[in-house]
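These notes are about the structure you will find just below.
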Amino acid sequence: MTSFYDAATSFPTIVYSTLLGVVLVYWLLALIGIVDFDSGDLEVDTDMHADADADDVGDLASYLVALGLNGVPFSVVVTLLVLFSWTVTCLAAMWLLPLVPTSLLRVVAGVGMLAVGFAVALPLTARLIRPM
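Structure follows, in structure tokens:
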């Protein structure tokens with residue numbers, strides 16, 4: 000069994016560890032008052048020229064509603080998704096990944112763990128934010 004630090008800083012967990020660090024910085028900035036997390040609205044500057052369309056924001060909102068991830072600020076949803084995904088992936092990397100025999104199969108299993116971690120995080124997050 001590998002150590003917690005090795006599992007958290009190696010593939011596949013490092014992907015969610017990086018995202019968890021970004022979320023932590025966001026919440027620290029929100030705590031200081033630089034970022035406003037009370038509003039659930041996504042503000043889009045229409046003067047900017049970008050490749051994205053305004054309908055893309057509507058598509059994202061429809062996916063969130065379909066998955067049951069509405070009613071709370073988007074930052075809370077992303078935080079819980081990343082936290083649950085990181086937890087599942089880290090535990091799988093500690094307990095299951097050492098059982099895989101070759102490094103090529105470990106990479107394939109790691110990619111699968113990333114997907115499974117996110118798939119497990121979706122219903123957990125939806126269930127947790129339902130009372131909110």
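If you're matching positions, the sequence shown starts at 0 in numbering that gives the first Met the number 0 and goes up one per residue.
Every residue, glycine too, gets a C-beta built ideally from N, C-alpha and C.
Selection from the options that minimises the alpha carbon distance to residue i
i	options	result
residue 69	5, 126, 11, 9	126
residue 123	103, 85, 95	85
residue 130	30, 5, 71, 20	71
Coil, strand or helix - residue i by DSSP
i	result
residue 48	With a pLDDT of only 49 at residue 48, under the threshold of 50, the placement of this residue in the model should not be trusted; the figure read from the coordinates follows. Residue state, collapsed to three classes: coil.
residue 5	helix
residue 101	coil
residue 111	helix
residue 72	coil
residue 14	helix
residue 34	coil
Own chain residues within Cβ distance below 8 Å of residue i, not counting five before or after
i	result
residue 28	34
Cut-off 7 Å between Cβ atoms - residues of its own chain near residue i, not counting five sequence neighbours on either side
i	result
residue 88	11, 12, 15, 112, 113, 116
Check: residue i C-beta below 7 Å from any heavy atom of the ligand ZN
i	result
residue 17	Annotation note on the ligand ZN: not contained in the displayed structure, which lists no ligands.
(request) For the region 10 to 21 and the region 99 to 116, state whether three or more C-beta atom pairs, one from each stretch, are separated by less than 8 Å. (result) Touching, yes.
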